[in-house]
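Okay, so the sequence shown: first residue is 259 according to my numbering, each after it adds one.
This report concerns only the one structure given below.
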Amino acid sequence: MTPTTTNQSDRLLLLLSLLILLSAIPLDVMLPSFPALADHFHTGTGDIALSISIFSIGFSIAQLFVGPLSDRFGRKKLLMIGIIFALAGATGCIFSHNYGAFIAYRIIQSAGCASFVLAQAIVQDAYKGTEGMRTRIFTTTLSGIFIACSPLLGSILQSTLGWQGSFILFAIISLIIIFQVYCQFEETSKTHRGSMRFYGSAYLRILRTRSFLIYSVIGALAFSCHLAFIIVSPAIFIVGLKMSNYEYSIVLMAYGVAYLVGGALASYATNKMETQGQTKLGLLLMTTSGFLMMTMSHYQANASLTVLLPMLICTAGTVFVRPATATEAMNLFDEIAGTAAAAGSTIRFCAAGSISALISVAGNNTILNLCWAIIASSFASVFLFTYLRTTCVTRNPKAKSS
Numbered sequence: 259m260t261p262t263t264t265n266q267s268d269r270l271l272l273l274l275s276l277l278i279l280l281s282a283i284p285l286d287v288m289l290p291s292f293p294a295l296a297d298h299f300h301t302g303t304g305d306i307a308l309s310i311s312i313f314s315i316g317f318s319i320a321q322l323f324v325g326p327l328s329d330r331f332g333r334k335k336l337l338m339i340g341i342i343f344a345l346a347g348a349t350g351c352i353f354s355h356n357y358g359a360f361i362a363y364r365i366i367q368s369a370g371c372a373s374f375v376l377a378q379a380i381v382q383d384a385y386k387g388t389e390g391m392r393t394r395i396f397t398t399t400l401s402g403i404f405i406a407c408s409p410l411l412g413s414i415l416q417s418t419l420g421w422q423g424s425f426i427l428f429a430i431i432s433l434i435i436i437f438q439v440y441c442q443f444e445e446t447s448k449t450h451r452g453s454m455r456f457y458g459s460a461y462l463r464i465l466r467t468r469s470f471l472i473y474s475v476i477g478a479l480a481f482s483c484h485l486a487f488i489i490v491s492p493a494i495f496i497v498g499l500k501m502s503n504y505e506y507s508i509v510l511m512a513y514g515v516a517y518l519v520g521g522a523l524a525s526y527a528t529n530k531m532e533t534q535g536q537t538k539l540g541l542l543l544m545t546t547s548g549f550l551m552m553t554m555s556h557y558q559a560n561a562s563l564t565v566l567l568p569m570l571i572c573t574a575g576t577v578f579v580r581p582a583t584a585t586e587a588m589n590l591f592d593e594i595a596g597t598a599a600a601a602g603s604t605i606r607f608c609a610a611g612s613i614s615a616l617i618s619v620a621g622n623n624t625i626l627n628l629c630w631a632i633i634a635s636s637f638a639s640v641f642l643f644t645y646l647r648t649t650c651v652t653r654n655p656k657a658k659s660s
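Okay, structure coming up:
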């Protein structure tokens, strides 16, 4: 289904925007509330951090079921059920009085949040060719901006509403989404077919498709560079450079502006080059940023600039790479877009989590660890992309087609 009117397209973009905003709250926005959560539940911040890991695991497992079920029963039903589950979990967290209950409700919330993966499937259903590429650039850019601004929003919520603030905001936005999906969202999925055994075999078919795996891994590595920076940035700027929370928030807002500029450039580039060209340009920017960070670190340049300037360049590269590779990967399985979106999302989160964990345990020089992660991810992506273009025959629709 392609949106036939401006109003339909605007409503769909609003829904996608709300889903992206909601996806940033359970993890990123609540980070400033860690100490308050630990005090409330009489536990350590390590246990609160563990709740993040439990949430991520629950989310990753649940989305593997949500994707195929949405192909079978439609996006609308699964989105409604998922957001209702997420709302119930968040509400339970607000009224939790002990750590065990909090964890239980976080698991329920994470299962519901798995429906966020349907944003990719909806884009695949509703937008084709250049319009689909532009929409993916829009969602990728918006996601980066929301994540970058999350610490500031989290700090404001913590200071005004306490640790419950992020859950209250989550509940409010969830109610808005439920209303919009029920009243305004028109089903985008074209096919309602197959038993669950069919979708099990579909996963095997997806994972055996070399081109899908390579495009997904390249996009995952680009996402990992972005997420790794977000995760280690408190250690760099607050702990290492002794910035205040306000100064740190300004730094991340500047990073969010870079995402916005990168998204505008990538959107403009869709009229000038196909997805392959955008991927090449993005990988070039990512590789350049890694070597620039290495050079500045070697010459002991200003520590803030040593990290921030290369990351601004890396961000621009990420905004080129992720939508382009997602478009190529999703186009291979248009008829089971929900299942394909779930598989791609799982690859992305596994890669990002692994790389971020390696940076955290690799040593005390966080800047150097981040630098090597960007260089290694860039070189691995270039190798995979070159391998794909020289050895794999894929169904490769041009992004410029309408």
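In this text, a Cβ means the ideal position worked out from N, Cα and C, and glycines have one as well.
If you're wondering where the values come from, they're calculated on a predicted model, not measured in any experiment.
What does the Cβ neighbour count give for I319, buried or exposed, with the cut at 16 atoms within 10 Å? Taking the first residue of the sequence shown as 1, we reach residue 319 at position 61. I319 comes out exposed.
Measure the C-alpha to C-alpha separation of W630 and F578 and round it to an integer number of angstroms. As a position in the sequence shown, residue 630 is number 372, starting the count at 1. As a position in the sequence shown, residue 578 is number 320, starting the count at 1. Spanning the two alpha carbons is a distance of roughly 21 Å.
Closest by CA to I286, which one among S314, L274, H300 and S275? Here residue 286 is taken as the residue at index 28 of the sequence shown, counted from 1. It should be noted that the sequence gives Asp, not Ile, for residue 286. Cα-wise, what sits closest to D286 is S314.
With A524 and I605 assumed to form a contact (beta carbons below 8 Å), what rounded beta-carbon distance in angstroms separates them? As a position in the sequence shown, residue 524 is number 266, starting the count at 1. As a position in the sequence shown, residue 605 is number 347, starting the count at 1. Separation of the CB atoms of A524 and I605 is rounded to 21 Å, and the pair is thereby denied contact status at 8 Å.
With P293 as the anchor, note down where its alpha helix (DSSP H) starts and where it stops. Residue numbering aside, residue 293 sits at position 35 when the sequence shown is read from its first letter. Run containing P293: F292 to H298, per the alpha helix (DSSP H) assignment.
Contact belief for G347 with I361 at Cβ below 8 Å, rounded distance in angstroms: Residue mapping note: residue 347 aligns to position 89 of the sequence shown, counting from 1. Residue mapping note: residue 361 aligns to position 103 of the sequence shown, counting from 1. G347 to I361, Cβ: 11 Å. No contact.
Give the range of the alpha helix (DSSP H) segment to which T644 is assigned. What you label residue 644 is simply residue 386 of the sequence shown in a count that begins at 1. Unbroken alpha helix (DSSP H) run through T644: T624 to T649.
Which whole runs of the alpha helix (DSSP H) in the segment 370-422 are 4 residues long or more, in chain order? Counting only runs that start and end inside the segment 370-422, the alpha helix (DSSP H) elements of at least 4 residues fall at 376-384 and 387-419.
Could you tell me which of I434, I633 and S424 sits nearest to S275, measuring between CA atoms? Sequence index remark: in the sequence shown, residue 275 carries index 17 (1-based). With distances taken between Cα atoms, S275 lies closest to I434.
How big is the Cα-Cα spacing for N529 and G535? Mapped onto the sequence shown, residue 529 falls at position 271. Mapped onto the sequence shown, residue 535 falls at position 277. One alpha carbon belongs to N529, the other to G535, and they sit about 11 Å apart.
Determine whether the beta carbon atoms of G521 and T393 lie at a separation below 7 Å. Numbered from its first residue, the sequence shown carries residue 521 at position 263. Numbered from its first residue, the sequence shown carries residue 393 at position 135. Their beta carbons are not under 7 Å apart, which means G521 does not touch T393 by this criterion.
Which residues in the same chain have their Cβ closer than 8 Å to the Cβ of C572, if we skip the five residues on either side of it in sequence? To locate residue 572, count along the sequence shown from 1; it is residue 314. Setting aside the 5 residues that flank it on each side, C572 is surrounded in the same chain by C483, H484, F487, L543, M544, S547, G548 and I632, each with a C-beta closer than 8 Å to its C-beta; the list follows chain order.
Other residues of its chain near F374: CB distance less than 6 Å, five sequence neighbours each side excluded: On the sequence shown, residue 374 is found 116 positions in, with the first residue counted as 1. When the five nearest sequence neighbours on each side are left out, the beta carbons in the same chain lying within less than 6 Å of the beta carbon of F374 are those of L277 and S281, in order along the chain.
Expected contact under 8 Å - CB spacing of A344 and S432 to nearest Å: By 1-based counting over the sequence shown, the position of residue 344 is 86. By 1-based counting over the sequence shown, the position of residue 432 is 174. Here A344 really is in contact with S432; their C-beta atoms are around 6 Å apart, less than 8 Å.
By Cβ distance, which residues of its chain are closer than 8 Å to W421, with the 5 residues on each side in sequence left out? Indexing the sequence shown from 1 puts residue 421 at position 163. Same-chain partners within the cutoff: M288, S291, A294, L295 and H298.
If we call anything under 7 Å between Cβ atoms a contact, is L273 one with I403? By one-based count along the sequence shown, residue 273 stands at place 15. By one-based count along the sequence shown, residue 403 stands at place 145. No, they are not a contact pair.
In the DSSP assignment, find the alpha helix (DSSP H) that holds H556 and state where it starts and stops. By 1-based counting over the sequence shown, the position of residue 556 is 298. Run containing H556: T533 to H556, per the alpha helix (DSSP H) assignment.
Go to E505, then tell me how far its alpha helix (DSSP H) extends in each direction, as first and last residue. Within the sequence shown, the letter at position 247 stands for residue 505. Residues N503 to A527.
Endpoints, alpha helix (DSSP H) assigned at R466: Along the sequence shown, read from residue 1 onward, the residue named residue 466 stands at position 208. Secondary structure note for R466: it is in no alpha helix (DSSP H), with a DSSP letter that is neither H nor E.
Can you tell me the Cα-Cα spacing of A634 and M391, whole angstroms? In the sequence shown, counting from the first residue as 1, residue 634 sits at position 376. In the sequence shown, counting from the first residue as 1, residue 391 sits at position 133. Spanning the alpha carbons of A634 and M391 requires a straight line of approximately 27 Å.
Between Y506 and N623, what straight-line distance do the alpha-carbon atoms span, to the nearest angstrom? Residue 506 sits at position 248 when you count from the first residue of the sequence shown. Residue 623 sits at position 365 when you count from the first residue of the sequence shown. Distance from the CA atom of Y506 to the CA atom of N623, rounded to whole angstroms, is 19 Å.
With 16 other Cβ atoms within 10 Å as the buried cut-off, status of V565: Walking along the sequence shown from the start, residue 565 turns up at place 307. V565 should be labelled buried.
Could you give the C-beta distance for G370 and I342, rounded to a whole number, given that I count them as a contact under 8 Å? As a first step, residue 370 must be located in the sequence shown, where it is residue number 112. As a first step, residue 342 must be located in the sequence shown, where it is residue number 84. Yes, G370 and I342 are in contact; Cβ-Cβ is about 7 Å, under 8 Å.
To the nearest angstrom, report how far apart G540 and F353 are at their CA atoms. Your numbering for residue 540 matches position 282 in the sequence shown. Your numbering for residue 353 matches position 95 in the sequence shown. Distance from the CA of G540 to the CA of F353, rounded to the nearest whole angstrom, comes to 45 Å.
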